[in-house]
Amino acid sequence: MSLRCRKPGEPAMPDADDTPVAKRQQRRWRTVFAAIYSARILVSLYKKVINDKQILRTLSYIAIDIHEHDSSDHHLPSLWVDQKTLTEMVREKNLENLRKLGGVKKIAVSLETDEKDGISGNEADLTHRMDVFGANRYQKPPIKSLLSFIFEAFKDTTIIILLVCAILSLGFGIKQHGVEDGWHDGGSIIFAVFLVVVISAVSNFKQNRQFEKLSNESSDIRVDVVRDGRRQFISVFEVVVGDVVCLKIGDQIPADGLFLDGHSLKVDESSMTGESDHVEINGNNNPFMLSGTKVTDGFGFMLVTSVGMNTAWGKMMSSINRDLDEETPLQARLNKLTSYIGKIGLTVAILVLAVLLIRYFTGNTKDDKGNKEYIRGKTKLDSTMNSVVNIISAAITIVVVAIPEGLPLAVTLTLAYSMKQMMADHAMVRKLSACETMGSATTICTDKTGTLTLNEMKVTEFWLGNECMKDSMSTEIAPNVHELLQQAIALNTTGTVYKPNSRSLPEISGSPTEKAILSWAVLDLGMNVDNPKQDYDLIQVAVFNSAKKRSGVLIRRKNESATHTHWKGAAEMIVAMCSQYYDRGGMVKVMDDEERTEIGKIIQNMAAKSLRCIAFAHTKIPEDNEQVLGESRLTLVGLVGLKDPCRPGVRRAVESCIDSGVNIKMITGDNVFTAKAMAIECGILQPHEDVNEAVIEGIEFRNYSPEERMEKINKVRVMARSSPFDKLLMVQCLKQKGHVVAVTGDGTNDAPALKEADIGLSMGIQGTEVAKESSDIVILDDNFTSVMTVLRWGRCVYNNIQKFIQFQLTANVAALVINFIGAISSGEVPLTAVQLLWVNLIMDTFGALALATERPTDDLMTKPPVGRSKPLISNIMWRNLIAQALYQVAVLLTLQFRGKSVFGVDERVKNTLIFNTFVFCQVFNEFNARKLEKKNIFKGLHKNKLFLGIIGITIILQVVMVEFLKRFANTQRLNWGQWGSCIGLAALSWPIGWLVQWIPV
């Protein structure tokens, strides 16, 4: 029976078993006795702890764990550690408190964590740990509600002025004409304003929710932990106190914890402390590790002591709300355009206001019966005020229509839509600006491994000296070489092999290269990689990184004084460190110039077959020599060739990018021959072309003068044996040349290049957390095909926004001109405030929804990239815009001055014809805006159901507006002939658009 975590006064639950009553009673008495006896012991221990001033945990109840031999209860850890004590100790890096608690190992025992095998990881254990210590999540500020978006929309100055005018109009109208007839003008404007505001707020609210969802997905990183002796990847939100976390270069530390084991571990704590110096972590002076910091060097294992809100990072993040209202460069440009157009609209509105007021007070305006509206000394004040308010409303409405606030909305809609679609296409956008910038990319600098290739490496060749070992390798290798290989592979690795029992297949974890070598050793050579770990002690470790391209260990056999050095890494670099080599028979031979040349050719031939060449080298250090990790006079143990096949579809994606005018440059750490072979296989290079200037090594590029680099940068397509600095240098040179550069990266050292690039693309599978944080977009499947998909969507975003700008500006120009001329000529605006607000709704919200959600087409990839310098409104757009605006103005002015005589109608019907024709012109012009350069505007129309739906809704609402909401919209019902005339005049915009496409620009 278990009484753990039972509060005073809480009844004990009886055991559910089938023993007789007497036996059960006897056992209960025995249990009570044991409980009382245990409680007395605990009290005495508690007093002792108080006297020693070493409080492990302050409890509001006593936790007793009594196990009977015949109990079937699942064991749960007692977790005798106080969370507050642990949290403060790690946060304050208090070594004295750590010593009082017995050190890291004693805390691990208290948390019931095995240093090697971790926690058990069963569901009951995990739930119990979460209940006691909390989950690894931090509280976020509440997200904005729909009402807050509506409230923000009402803060707009023009909307406030319009509402004030509408309320005044409502008041004067009711006073003058009574409630039944006087509310129409003011009430209609108020309703129209509310409609525009609510639709805009709902749209922004939905996009905000989507960005919030994407933000949550981007923060869900994968963490490598050891549970039940097995390494496994879990979500960062599933990490619990007591977990053993495996850390390597580039990882973000997922919780607060203590160093258990590792080598050369350094951490960047700038996110917490602001200090840029990297902090060394070790078990003696500084075992404390803080959540949110990043591993910059080495590898190690950490014991988690605090999670979620109990960490310093959690408390800090709970007070920070991610900026989801990030203004992208395109939005900034559009806001300037909006401001410019708004100033023009304001100028027109002021002119219209001045003209209408002058005409009104000079008696030049007449009512429906032909009488003057204002007669000095006779017109009542209420009537005068009502007329003035109506004039001001009309002028303000012109400003509302003139300001194309739909432009930022269109950007938000198209970015949100593209972000959602890109997520489905294996690309997660971290920064909004990347969506649009990617559309302008002129050059993509891509990694080879994992991006162009599958990152599924396999050892296909093994060489001893100058002989290739093919069949039955394990029997052909000499025993002494076999033993050295076993040491090299088992001890000089960050990978692990987990085998629960002798019959099960081994589970191998680590980097793709490490997994390939370990798989070869275990499955092909029949090695047991655990034996060397028991026989040898690690003295010194040199961790692999992309600059050194090798890793090394200094080891000593237990009970021996001599040490051994093992190096593993890029073949030509390791061979350069060797003066001898082992042959097939296990004999050591001198590596003279002839042999060195022969081995060099072997490496080149393997590289020409797209194999990655890894070499192993060894030396034994006598007892009387200095025991350090030497890098010279080594003996070459062997060479392995690893094949990483090209990803399916990569060649087609590369060719598609090149056809669309985007340059592809491959940057890799492999040697020149491997890089060239893979570039030809992927389509970056052609088999028979001269590659003297197209393929270079990083050191060669680095040693160019600045002038030489700028001269040759466009010709370089493959950079081999490159360092992260070389990648950064290439990005800087390309940007100086005027290129818009996208860069892929997965390592911590790629962070500077990812930040420097216009668009940083990190890898979701192999990428470190440092690389992901430095990037704008995360490629979730590490596939270059997904990079091309991002390029397509980027171009689509830019193209959709251009379509909307053309559509919006056409309507703006036409509305401004017709109202301005109408006001000057007749003293009245043909389009009333309510009608203009309805047009504003069609243009801003409906138009943005219809045009901003077009999917990318193949045509987008046939055009050259936009680059940095091209204007947002292209010459083609100006051509289309001016033609349609001139046609609309011509038709509307004809109706304004000749409409009554042509159709034989009164003033109100004529104004309704103008309003109806104007709306249908926008409907038909939406079709024209779908294709900026194509004559066939209907291509692919059936695929965009949303566009067709919005067009249908707009037409239905327009019919309702004209036929059934006469008082609200100030319209008159039209007959079939008049409807046909409005639609026919508007439909002429299609053939006009087709003819305009023939005009060269």
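For what it's worth, the UniProt record's numbering labels the leading residue of the sequence shown as 1, then goes sequentially. Built from N, CA and C at the ideal position, the CB exists for glycine as well. Quick caveat: nothing in here was measured; it's all calculated off a predicted structure.
What distance in whole Å lies between the Cβ atoms of residue j and residue i, which are believed to be in contact at a cut-off of 8 Å?
i, j, result
"residue 443", "residue 739", "5 Å"
"residue 662", "residue 785", "Rounded, the Cβ-Cβ distance is 14 Å, inconsistent with contact."
"residue 835", "residue 970", "7 Å"
"residue 166", "residue 196", "Residue 166 to residue 196, Cβ: 12 Å. No contact."
"residue 242", "residue 111", "4 Å"
"residue 937", "residue 931", "5 Å"
Do you know offhand how far residue i's Cα is from residue j's?
i, j, result
"residue 429", "residue 777", "4 Å"
"residue 816", "residue 810", "10 Å"
"residue 768", "residue 336", "38 Å"
"residue 987", "residue 825", "28 Å"
"residue 68", "residue 133", "Because the pLDDT at residue 68 is just 44, under 50, the model does not fix this residue reliably, and the value given afterwards should be weighed accordingly. Going by the C-alpha atoms only, they are around 27 Å apart."
"residue 908", "residue 900", "10 Å"
"residue 249", "residue 295", "5 Å"
"residue 941", "residue 314", "49 Å"
"residue 701", "residue 708", "9 Å"
"residue 541", "residue 564", "12 Å"
"residue 1062", "residue 490", "Only positions 1 to 1001 of the chain appear in the structure, and residue 1062 is not among them; the question remains open."
"residue 990", "residue 925", "7 Å"
"residue 671", "residue 678", "11 Å"
"residue 609", "residue 514", "20 Å"
"residue 627", "residue 493", "21 Å"
"residue 576", "residue 557", "27 Å"
"residue 705", "residue 951", "59 Å"
"residue 548", "residue 209", "45 Å"
"residue 432", "residue 867", "18 Å"
"residue 99", "residue 635", "45 Å"
Is the separation between the beta-carbon of residue i and that of residue j shorter than 7 Å?
i, j, result
"residue 696", "residue 654", "no"
"residue 819", "residue 829", "yes"
"residue 598", "residue 466", "yes"
"residue 90", "residue 305", "yes"
"residue 1001", "residue 805", "no"
"residue 251", "residue 290", "no"
"residue 758", "residue 437", "yes"
"residue 744", "residue 761", "yes"
"residue 845", "residue 199", "yes"
"residue 921", "residue 972", "no"
"residue 426", "residue 780", "yes"
Using only CA atoms, which one of the options lies nearest to residue i?
i, options, result
"residue 632", "567, 416, 559", "567"
"residue 476", "393, 586, 635, 532", "586"
"residue 865", "732, 742, 105", "742"
"residue 686", "664, 670, 707", "664"
"residue 246", "261, 895, 174, 872", "261"
"residue 764", "451, 674, 154, 705", "451"
"residue 833", "212, 926, 190, 119", "190"
"residue 159", "888, 396, 479, 575", "396"
"residue 572", "533, 617, 589", "617"
Considering residue i, what are the terminal residues of the alpha helix (DSSP H) in which it resides?
i, result
"residue 777", "Element bounds for residue 777: not the alpha helix (DSSP H) but the beta strand (DSSP E), 777-779."
"residue 698", "698-703"
"residue 656", "650-659"
"residue 100", "95-100"
"residue 992", "989-996"
"residue 929", "907-930"
"residue 903", "875-903"
"residue 798", "784-826"
"residue 467", "Here residue 467 belongs to no alpha helix (DSSP H); instead the beta strand (DSSP E) covers 467-469."
"residue 678", "672-682"
"residue 149", "146-153"
"residue 115", "From DSSP, residue 115 is part of no alpha helix (DSSP H); its letter is neither H nor E."
Between which two residues does the beta strand (DSSP E) carrying residue i extend?
i, result
"residue 540", "536-542"
"residue 435", "It is not in any beta strand (DSSP E) - residue 435 instead sits in the alpha helix (DSSP H) that spans 432-438."
"residue 463", "458-464"
"residue 944", "Neither: residue 944 is in no beta strand (DSSP E) and is coded neither H nor E."
With hydrogens ignored, establish whether the beta-carbon of residue i is closer than 6 Å to any heavy atom of the ligand NAD.
i, result
"residue 229", "Looking at this structure, you won't find the ligand NAD or any other ligand, since it has none at all."
Using a beta-carbon distance below 7 Å, is residue i in contact with chain C?
i, result
"residue 419", "Judged by its chain identifiers, the structure shown contains no chain C, having just a single protein chain."
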